[in-house]
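Presented below is the structure to which this report refers.
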Amino acid sequence: MIKMKVILAFLVIFGVHSIDAFLTIRNNSFYYGEDRVFLSGANIAWINFAEDFGSGGYAKVRSSYESAIDDISSHGGNVIRVWLHADGRWSPKWDKDGFATGEDTQSLIDDLGLMLDYAASKNVFVFITLWTLEGTPKPMMHLYYQEDRLQSYLDRVLKPLVVALRDKKALAGWDLVNEPMGSISQTQVDPNPCYDTTHLKDSGAGWAGKTIDFRLVLKLINWHADAIKSVVPEALLSNAENGELLTTNVCEKCRDHYTDECLIGAGGRANGTIDFYAMHSYTWEGRFAPTSPFLHNFDFYKSKKPILMQEFSTTITESHNASWNYRHIYEGDYVGIMSWQYNQWGKWVDTKESMFEGMGAIRNLTSHGKINIKL
Ligand SMILES: *[C@@H]1O[C@H](CO)[C@@H](O)[C@H](O)[C@H]1NC(C)=O
Ligand SMILES: *[C@@H]1O[C@H](CO)[C@@H](O)[C@H](O)[C@H]1NC(C)=O
Ligand SMILES: *[C@@H]1O[C@H](CO)[C@@H](O)[C@H](O)[C@H]1NC(C)=O
Ligand SMILES: *[C@@H]1O[C@H](CO)[C@@H](O)[C@H](O)[C@H]1NC(C)=O
Numbered sequence: 003m004i005k006m007k008v009i010l011a012f013l014v015i016f017g018v019h020s021i022d023a024f025l026t027i028r029n030n031s032f033y034y035g036e037d038r039v040f041l042s043g044a045n046i047a048w049i050n051f052a053e054d055f056g057s058g059g060y061a062k063v064r065s066s067y068e069s070a071i072d073d074i075s076s077h078g079g080n081v082i083r084v085w086l087h088a089d090g091r092w093s094p095k096w097d098k099d100g101f102a103t104g105e106d107t108q109s110l111i112d113d114l115g116l117m118l119d120y121a122a123s124k125n126v127f128v129f130i131t132l133w134t135l136e137g138t139p140k141p142m143m144h145l146y147y148q149e150d151r152l153q154s155y156l157d158r159v160l161k162p163l164v165v166a167l168r169d170k171k172a173l174a175g176w177d178l179v180n181e182p183m184g185s186i187s188q189t190q191v192d193p194n195p196c197y198d199t200t201h202l203k204d205s206g207a208g209w210a211g212k213t214i215d216f217r218l219v220l221k222l223i224n225w226h227a228d229a230i231k232s233v234v235p236e237a238l239l240s241n242a243e244n245g246e247l248l249t250t251n252v253c254e255k256c257r258d259h260y261t262d263e264c265l266i267g268a269g270g271r272a273n274g275t276i277d278f279y280a281m282h283s284y285t286w287e288g289r290f291a292p293t294s295p296f297l298h299n300f301d302f303y304k305s306k307k308p309i310l311m312q313e314f315s316t317t318i319t320e321s322h323n324a325s326w327n328y329r330h331i332y333e334g335d336y337v338g339i340m341s342w343q344y345n346q347w348g349k350w351v352d353t354k355e356s357m358f359e360g361m362g363a364i365r366n367l368t369s370h371g372k373i374n375i376k377l
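Here you go:
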């Protein structure tokens with residue numbers, strides 16, 4: 003009895019929630035407190051591309067975000083992914099020399115805070131994607147080349163943002179650069195395999211047109227990751243990459259460029275590594291690559307870090323069956339699945355009915371992690 007009281011006093015004093023209220027990784031799975039969790043949901047990913055947050059942006063889209071979160075939550079989903087700066091056309095604010103001024107940092111904190119609090123009230127986690135290389139990101143491109151400009155962004159925008167949002171229960175993690183493969187060449191020869199891209203011959207890499215030395219991309223990721231980890235060590239980080247060619251070693255043309263060695267080697271910053279892989283998998287002419295996660299379980303990749311199925315569309319999968327797709331990723335020991343995309347914009351996108359069918363099919367399962375969670 004006395005022992006019990008001591009334990010209770012301990013729980014009251016230290017607060018179970020403040021200790022446990024963030025997602026962690028153990029044994030290649032996500033945990034929330036003591037529960038293994040599986041994240042099931044959808045990409046939103048934006049309402050007004052690049053302009054949803056900061057400087058008054060959220061007031062215009064808040065009702066759309068809230069109804070999307072309601073919709074995903076009520077159909078059994080527990081996660082969304084949103085894009086923040088994207089190409090940098092709206093946030094952060096730049097001076098005439100390309101330094102981030104920090105003048106919109108507080109508005110970014112306020113806007114994201116509103117969205118994260120609403121998501122928490124509906125038991126929905128949120129991944130925030132900072133940048134994209136899937137198209138050429140003209141307004142922020144200089145950050146890949148100018149270290150002092152990059153550092154101004156990290157110090158005046160990213161670090162204050164990460165610190166201010168660290169206690170938001172819905173914040174699952176930070177996703178740094180979407181699809182670098184779109185902006186890297188197929189012919190970069192480098193003696194260090196981390197930065198050599200010649201294995202990408204005939205892969206489609208570089209479709210955005212303008213290419214950047216892969217070493218510079220990995221350096222930017224390393225500096226971002228280090229900036230975040232140095233102020234909030236428990237933050238979970240990933241980098242959204244197209245697929246197996248750049249994130250695994252399971253095929254002749256595959257090479258994992260996101261290892262701790264490659265990232266630290268590129269940028270030199272010791273805390274600048276990622277915690278899990280975020281993969282995208284689409285078919286080409288109706289077929290998956292033979293190494294697609296939709297054809298294998300997680301253990302096939304012999305990965306040291308978890309893998310999240312971050313983007314796919316049932317409409318162009320081989321099964322054409324949302325229930326099957328969500329269930330396969332769930333039972334295959336991946337850590338989550340997110341359909342592209344809630345707004346149904348563009349060509350290869352799922353309908354809401356399809357993604358809700360997938361989320362609904364697995365919403366009550368627990369064997370490979372709980373989906374029905376309380377934040
Ligand atoms: C670790 O994960 C594997 C695969 O899901 C599972 O079989 C094993 O029981 C887990 N170990 C622990 C200690 O949870
Ligand atoms: C890494 O981050 C920790 C805090 O998480 C900090 O104390 C440490 O100084 C950082 N290390 C380096 C080399 O920056
Ligand atoms: C979709 O997959 C599920 C298994 O997850 C199966 O029970 C169902 O019959 C499939 N539906 C169709 C139309 O093939
Ligand atoms: C999940 O549970 C809810 C309520 O607990 C129930 O209404 C629903 O039918 C279940 N769905 C499935 C697919 O088992």
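Heads up: the sequence shown is residues 3 to 377, going by the numbering used here.
All C-beta atoms, glycine included, are put in the ideal place defined by N, C-alpha and C.
All values derive from a computational prediction rather than experimental measurement.
Cβ neighbours of residue i in the same chain (closer than 7 Å, five flanking residues each side left out)
i      : result
Asn244 : Glu181, Met183, His282
Ser321 : Asn327
Leu360 : Position check: residue 360 holds Gly in this sequence, whereas Leu was assumed. Within the same chain, Gly360 has close Cβ partners Thr316, Ala324, Ser325, Asn327, Tyr328, Ser341.
Lys376 : Asn125
Arg151 : Gly100, Phe101, His144, Leu145
Leu297 : Phe290
Phe140 : The question names Phe, but residue 140 is Lys in the sequence shown. So the list reads Asp89, once near-sequence residues are dropped.
Glu136 : Asn180, Glu181, Gly184, Ala210
Asp258 : Thr249, Thr250, Asn251
His330 : Phe296
Asn374 : Arg365, Asn366
Residue i and residue j closer than 7 Å at C-beta
i      : j      : result
Ala172 : Val128 : yes
Val81  : Gly43  : yes
Leu421 : Phe278 : Residue 421 is absent from the model: the chain starts at 3 and stops at 377.
Ala229 : Leu167 : no
Ser185 : Ile214 : yes
Glu246 : Thr293 : yes
Gln343 : Ala47  : yes
Thr134 : Asp177 : no
Ser123 : Asp106 : no
Gly338 : Asn299 : no
Phe40  : Gly362 : no
Cys280 : Ala227 : Looking at the sequence itself, residue 280 is Ala, so the reference to Cys does not match. Going by C-beta atoms, Ala280 is not nearer than 7 Å to Ala227.
Gly104 : Arg158 : yes
Thr138 : Ala23  : no
Tyr60  : Asp113 : yes
Min CB distance residue i to chain B below 7 Å
i      : result
Arg365 : Absent here is chain B; the protein component of the structure consists of one chain.
8 Å Cβ shell around residue i - same chain, five flanking residues per side excluded
i      : result
Asp119 : Lys170, Ala172
Phe51  : Trp85, Ala88
Trp350 : Tyr284, Ser315, Thr317, Ile318, Trp342
Val63  : Ile49, Asn50, Asp54
Asp72  : Lys124
Met6   : At Met6 the pLDDT is 48, less than 50, meaning the model places this residue with poor confidence; the figure from the coordinates comes in the next sentence. Cβ within range, chain order: n/a, list empty.
Ile9   : Only weak support exists for where Ile9 lies, its pLDDT of 49 falling under 50; the coordinates are left without a value.
Phe12  : Because Phe12 carries a pLDDT of 48, less than 50, the predicted location of this residue cannot be relied on, and the following value inherits that uncertainty. Result list for Phe12: empty, nothing under 8 Å.
Ile4   : Residue confidence for Ile4 is low, a pLDDT of 45 falling below 50, so the modelled location carries little weight; the figure read from the coordinates is stated next. Hits under 8 Å: none found.
Ser356 : Thr316, Thr317, Ala324, Ser341
Leu25  : Phe32, Tyr33, Tyr34, Val39, Phe127, Ala174, Gly175, Leu238
Val14  : At Val14 the pLDDT is 46, less than 50, meaning the model places this residue with poor confidence; the figure from the coordinates comes in the next sentence. Same-chain partners within the cutoff: there are none.
Gly115 : Ala166, Leu167, Lys170
Rounded Cβ spacing between residue i and residue j (contact assumed at less than 8 Å)
i      : j      : result
Leu218 : Tyr146 : 5 Å
Leu265 : Thr275 : 5 Å
Val252 : Tyr303 : 6 Å
Met175 : Ser240 : Strictly speaking, residue 175 in this sequence is Gly, with Met absent from that position. About 6 Å separates the two Cβ atoms, so the contact holds.
Leu390 : Ala268 : In the structure as shown, the chain starts at 3 and stops at 377, and residue 390 therefore has no counterpart that could be examined.
Pro308 : Ser31  : 7 Å
Leu163 : Ile223 : Not quite, the Cβ-Cβ distance comes to about 17 Å (not below 8 Å), so this is no contact.
Gly206 : Ser187 : Not quite, the Cβ-Cβ distance comes to about 12 Å (not below 8 Å), so this is no contact.
Cutoff 6 Å; reference residue i; Cβ partners in own chain excluding five residues on either side
i      : result
Ser109 : Gly56, Ser57
Ile21  : Reliability fails at Ile21, whose pLDDT of 47 lies under 50, so the model's placement of it is uncertain and the value that follows must be treated cautiously. Counting only Cβ-Cβ distances below 6 Å, and skipping sequence neighbours, we find nothing.
Tyr197 : Phe216, Arg217
Arg91  : Ala52, Pro141
Met117 : Tyr67
Tyr336 : Phe300, Ile309, Met311
Going along the chain, which unbroken runs of the alpha helix (DSSP H) with 4 or more residues stay wholly within the region 93-133? 107-123
For the structure I just gave you, are there three or more beta carbon pairs, one from the region 191-198 and one from the region 227-239, closer than 8 Å? no
Identify every run of the beta strand (DSSP E) within the region 191-244, keeping only runs that are complete inside it and at least 3 residues long; order them along the chain. 239-243
May I have a chain-ordered list of the alpha helix (DSSP H) segments no shorter than 4 residues that lie completely inside the region 42-88? 59-76
Alpha helix (DSSP H) runs wholly inside the region 290-333, at least 4 long, in chain order: 324-333
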